[in-house]
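Contents: one structure, followed by commentary.
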Amino acid sequence: MSFQIILIIHVLLALGLIALVLMQHGKGADAGAAFGAGASGSVFGARGANSFMYKLTASVAFGFFATSLTLAYLATNETGASSEPSSIMEQAVSMTPSDVPMIAPASSDSSDVPDY
Numbered sequence: 404m405s406f407q408i409i410l411i412i413h414v415l416l417a418l419g420l421i422a423l424v425l426m427q428h429g430k431g432a433d434a435g436a437a438f439g440a441g442a443s444g445s446v447f448g449a450r451g452a453n454s455f456m457y458k459l460t461a462s463v464a465f466g467f468f469a470t471s472l473t474l475a476y477l478a479t480n481e482t483g484a485s486s487e488p489s490s491i492m493e494q495a496v497s498m499t500p501s502d503v504p505m506i507a508p509a510s511s512d513s514s515d516v517p518d519y
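All residue numbers for the sequence shown refer to our numbering, where the first residue is 404 and numbers rise by one.
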């Protein structure tokens, strides 16, 4: 239950992070920046007016990373109802000789093989 809730929050944070990044202007986004007047016309300096957007983006990014780590932890340490091994290596270690499938010997009938 908590996995699904964290997953929903994670998806919402991802969408919010995408939206925040797309709404921001780049460092040289102004037309005057190409001619050396990048921050001369702004009242707040080069980044003063956008500092709220940068802080909000950093907060959403931190939440995204936190939910990513939480989801990874929950996915690897989730205990299921079955006690069967989940990985191929665990299955190979837990096999007994009677569980190993026997390979039938090749038949000596070669009538379907063309002669060259």
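All C-beta atoms, glycine included, are put in the ideal place defined by N, C-alpha and C. All values reported here derive from a predicted model rather than from experimental measurement.
Local Cβ density within 10 Å of residue i, reported as buried at 16 or more and exposed below that
i, result
"Thr348", "There is no way to answer for residue 348, as the model of the chain reaches only from 404 to 519."
"Leu425", "exposed"
"Leu416", "buried"
Supposed close pair residue i, residue j - CB separation, criterion 8 Å
i, j, result
"Gly429", "Val463", "Actually they do not touch by this definition, with Cβ atoms about 19 Å apart."
"Ile409", "Leu472", "Contact flag wrong, Cβ pair sits at about 10 Å."
Extent of the continuous alpha helix (DSSP H) run through residue i
i, result
"Ser497", "491-497"
"Gln407", "405-426"
"Gly466", "454-479"
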